[in-house]
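Quick mapping for you: the protein sequence lines, in order, are chains V and P. Going by this note's numbering, the first residue of the first sequence is number 10, and it counts up by one from there. Going by this note's numbering, the first residue of the second sequence is number 10, and it counts up by one from there. Even for Gly, the Cβ is constructed at its ideal location relative to N, Cα and C. As the structure is a computational prediction, the values presented were derived from the model and not from experiment. Below: one structure, written as structure tokens.
2 protein chains.
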Amino acid sequence: VVSARELTKIYDTEGVPVPALSDASFDIESGSFAAFVGPSGSGKSTLLNLVGCLDRPTKGQLTVVGEDVTGLGRDDGARFRGQHIGFIFQDFNLIPVLSAFENVEYPLLMLRDWSAKRRRARVEELLKAVELESFADKRPSQLSGGQKQRVAIARALVTGAKLVLADEPTANLDRETALRVIRLMKKMRDDLGTTFIFSTHDPKVMDAAELIFTLEDGKLKEDGGAA
Amino acid sequence: VVSARELTKIYDTEGVPVPALSDASFDIESGSFAAFVGPSGSGKSTLLNLVGCLDRPTKGQLTVVGEDVTGLGRDDGARFRGQHIGFIFQDFNLIPVLSAFENVEYPLLMLRDWSAKRRRARVEELLKAVELESFADKRPSQLSGGQKQRVAIARALVTGAKLVLADEPTANLDRETALRVIRLMKKMRDDLGTTFIFSTHDPKVMDAAELIFTLEDGKLKEDGGAA
Ligand SMILES: Nc1ncnc2c1ncn2[C@@H]1O[C@H](COP(=O)(O)OP(=O)(O)OP(=O)(O)O)[C@@H](O)[C@H]1O
Ligand SMILES: Nc1ncnc2c1ncn2[C@@H]1O[C@H](COP(=O)(O)OP(=O)(O)OP(=O)(O)O)[C@@H](O)[C@H]1O
Ligand SMILES: [Mg+2]
Ligand SMILES: [Mg+2]
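This is the structure in structure tokens:
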């Protein structure tokens with residue numbers, strides 16, 4: 010469901026090139042539970058941003074859910090992501106003026122032609138799954154770090170996207186809550202065939218992963234793949 | 010160095026009271042390496058914000074480095090924090106228009122009457138300690154999650170404050186980097202007698218803590234204290 014060939018991202022910071030990702034080649038099958046691990050600054054978020062069409066590669070090719078997304082511009086990338094991908098951002102990226110409920114509902118407004126009644130049922134289902142049903146009307150500024158993270162998680166899962174990209178989704182969660190989130194995601198993969206690709210430092214996520222890729226200084230290490 | 014008696018914070022969210030912290034009483038000696046642990050939403054950040062004078066208690070008393078800070082208003086609280094406390098925010102709270110170097114230097118401008126040369130040496134010492142010396146001129150938007158977290162850590166340590174409050178300082182760090190940061194903080198405690206108070210979900214921080222307090226639904230549990 011994701012195929013990369015010599016995927017490369019070089020940032021240009023005031024004339025100094027920063028090779029954030031270099032020649033990453035990999036294949037991830039549909040229904041995988043895969044994790045990219047590696048030191049801080051090794052290129053995990055950069056890679057996820059490319060796969061999620063939030064950014065464009067400098068070199069290389071990228072195919073996502075069967076489509077060549079290498080040349081996708083910003084607007085087309087956003088549309089493609091909205092239709093096929095659930096994305097959990099490392100810094101959550103919630104909309105401050107919307108409530109938790111409205112933040113989770115947002116992708117449904119973009120994607121599905123559902124009645125308000127049906128959207129409500131779906132959003133409440135997800136809020137319940139991350140134990141935030143009584144926080145539905147809170148704004149992000151009224152939520153704890155881990156509560157914000159869970160709103161971001163619920164939002165990424167609400168449309169039932171076939172591919173979910175999760176950038177350090179358990180960083181701000183206690184052990185119990187993190188295990189519950191991992192179990193929820195595994196169940197979605199088992200029931201719906203959803204592919205999950207994580208960037209993580211959390212051993213609990215690494216344990217659950219069936220496929221692990223290691224990044225170091227923007228390069229995928231040779232022995233990547235086995236978990 | 011920190012004494013709390015029946016410390017309470019009740020948020021008022023459109024008429025509905027939210028008891029984020031209820032009757033927390035504890036004492037933390039100077040030079041302690043203490044951690045507050047507990048589920049997401051249990052009141053850890055709320056407690057740290059009160060101790061750091063970022064917020065005011067609804068009830069109870071709070072003494073920090075020998076001063077009764079219970080009634081401190083916003084400006085006095087900010088001045089007090091600037092003089093005595095290093096604070097690492099759960100969401101980093103870096104200034105977007107400043108470079109990593111300038112973000113770390115900022116508390117020195119406020120507090121110390123040092124020459125630019127002396128400030129530079131101190132900032133570079135801290136950036137080196139968190140392995141970010143080559144990222145000094147980057148802006149936050151050009152840094153990875155864990156790099157931003159380390160800038161926030163360096164900034165909290167730069168003035169050599171006697172009390173450092175760290176809200177989940179290792180959440181976005183890989184294992185090696187996290188252990189290095191913990192070691193750095195322990196060394197500051199051993200060399201300078203700095204008191205460290207953490208809010209954390211990270212077992213690596215809990216292992217290093219000599220004093221552990223457990224929060225649940227805003228209440229400190231009875232058996233808190235021993236590690
Ligand atoms: N400004 C606010 N207004 C209303 N409620 C708030 C506000 N800030 C926090 N809360 C609520 O207070 C409770 C405690 O929040 P706090 O941020 O202290 O939790 P925490 O232990 O730090 O959680 P986490 O581990 O997820 O960071 C939460 O239920 C949260 O929803
Ligand atoms: N917009 C940008 N401009 C310039 N450099 C960038 C930019 N974004 C990231 N970088 C650099 O690219 C490298 C990889 O960053 P990335 O965010 O992918 O790391 P990461 O593996 O996700 O790290 P972490 O575990 O700390 O989140 C870092 O050295 C970072 O400084
Ligand atoms: Mg990252
Ligand atoms: Mg918190």
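Using a Cβ-Cβ cutoff of less than 7 Å, which residues in the same chain neighbour residue i once the five nearest sequence positions on both sides are dropped?
{"i": "residue 215 (chain V)", "result": "44, 46, 209 and 221"}
{"i": "residue 145 (chain P)", "result": "108, 109, 110 and 136"}
{"i": "residue 112 (chain V)", "result": "103, 104, 160 and 164"}
{"i": "residue 119 (chain V)", "result": "91"}
{"i": "residue 230 (chain V)", "result": "223"}
{"i": "residue 147 (chain V)", "result": "108 and 109"}
{"i": "residue 198 (chain P)", "result": "40, 42 and 205"}
{"i": "residue 99 (chain V)", "result": "54, 176 and 177"}
{"i": "residue 31 (chain V)", "result": "17, 227 and 228"}
{"i": "residue 38 (chain V)", "result": "10"}
{"i": "residue 74 (chain P)", "result": "10, 93, 171 and 172"}
{"i": "residue 79 (chain P)", "result": "66, 70 and 71"}
Helix, strand or coil for residue i? Go by DSSP, reduced to three states.
{"i": "residue 198 (chain P)", "result": "helix"}
{"i": "residue 85 (chain P)", "result": "helix"}
{"i": "residue 13 (chain P)", "result": "strand"}
{"i": "residue 92 (chain P)", "result": "helix"}
{"i": "residue 1 (chain V)", "result": "Any property of residue 1 (chain V) remains undetermined from this structure, which presents chain V solely from 10 to 236."}
{"i": "residue 230 (chain V)", "result": "coil"}
{"i": "residue 212 (chain P)", "result": "helix"}
{"i": "residue 217 (chain V)", "result": "helix"}
{"i": "residue 162 (chain V)", "result": "helix"}
{"i": "residue 68 (chain P)", "result": "strand"}
{"i": "residue 33 (chain V)", "result": "strand"}
{"i": "residue 170 (chain V)", "result": "coil"}
{"i": "residue 42 (chain P)", "result": "strand"}
{"i": "residue 56 (chain P)", "result": "helix"}
{"i": "residue 98 (chain V)", "result": "coil"}
{"i": "residue 23 (chain V)", "result": "coil"}
{"i": "residue 263 (chain P)", "result": "The question about residue 263 (chain P) has no answer here: the residues shown for chain P are numbered 10 through 236."}
{"i": "residue 73 (chain P)", "result": "strand"}
{"i": "residue 177 (chain P)", "result": "coil"}
So, at 6 Å on beta carbons, what are the nonlocal neighbours of residue i in its own chain, with the 5 sequence-adjacent residues on each side left out?
{"i": "residue 235 (chain V)", "result": "Bear in mind that a pLDDT of 48 at residue 235 (chain V), under 50, signals an unreliable position, so the number given afterwards is only what the model happens to contain. Cβ neighbours of residue 235 (chain V) beyond the five flanking positions: none."}
{"i": "residue 2 (chain V)", "result": "The structure shown has nothing for residue 2 (chain V), since chain V only spans 10 to 236."}
{"i": "residue 12 (chain P)", "result": "36 and 72"}
{"i": "residue 152 (chain V)", "result": "none"}
{"i": "residue 8 (chain P)", "result": "It is not possible to answer for residue 8 (chain P), since the shown part of chain P is limited to 10 through 236."}
{"i": "residue 49 (chain V)", "result": "none"}
{"i": "residue 211 (chain P)", "result": "179"}
{"i": "residue 20 (chain P)", "result": "27 and 29"}
{"i": "residue 194 (chain P)", "result": "205"}
{"i": "residue 149 (chain P)", "result": "103, 105 and 157"}
Could you check if residue i is buried or exposed, using at least 16 other CB atoms within 10 Å of its CB as the buried criterion?
{"i": "residue 104 (chain V)", "result": "exposed"}
{"i": "residue 106 (chain P)", "result": "exposed"}
{"i": "residue 15 (chain V)", "result": "exposed"}
{"i": "residue 57 (chain P)", "result": "buried"}
{"i": "residue 203 (chain P)", "result": "buried"}
{"i": "residue 200 (chain P)", "result": "exposed"}
{"i": "residue 22 (chain V)", "result": "exposed"}
{"i": "residue 18 (chain V)", "result": "buried"}
{"i": "residue 196 (chain V)", "result": "exposed"}
{"i": "residue 167 (chain P)", "result": "buried"}
{"i": "residue 61 (chain P)", "result": "buried"}
{"i": "residue 170 (chain V)", "result": "buried"}
{"i": "residue 10 (chain V)", "result": "buried"}
{"i": "residue 139 (chain P)", "result": "buried"}
{"i": "residue 125 (chain V)", "result": "exposed"}
Give every residue of the same chain whose Cβ lies closer than 8 Å to the Cβ of residue i, excluding the five residues on either side of it in the sequence, and list them in chain order.
{"i": "residue 77 (chain P)", "result": "70 and 71"}
{"i": "residue 128 (chain V)", "result": "114, 117, 118 and 121"}
{"i": "residue 123 (chain P)", "result": "117 and 131"}
{"i": "residue 51 (chain V)", "result": "224, 225, 226 and 227"}
{"i": "residue 141 (chain V)", "result": "109, 156, 159, 160 and 163"}
{"i": "residue 191 (chain V)", "result": "179, 213, 214 and 217"}
{"i": "residue 25 (chain V)", "result": "none"}
{"i": "residue 219 (chain P)", "result": "41, 42, 43 and 236"}
Q) Can we say the region 160-176 of chain P touches the region 86-100 of chain P, given the rule of at least three CB pairs closer than 8 Å? A) yes
**Q.** Unbroken stretches of the alpha helix (DSSP H), 4 residues or longer, contained in the region 116-150 of chain V
**A.** Scanning the region 116-150 of chain V for uninterrupted alpha helix (DSSP H) segments of 4 residues or longer gives 125-138, listed from N- to C-terminal end.
Q | Sufficient close CB pairs (3 or more, under 8 Å) joining the region 176-194 of chain P to the region 152-161 of chain P | A | yes
(Q) Would you call the region 53-65 of chain V in contact with the region 78-87 of chain V, where contact means no fewer than 3 C-beta pairs closer than 8 Å? (A) Contact between the region 53-65 of chain V and the region 78-87 of chain V is present, because at least three Cβ pairs lie under 8 Å.
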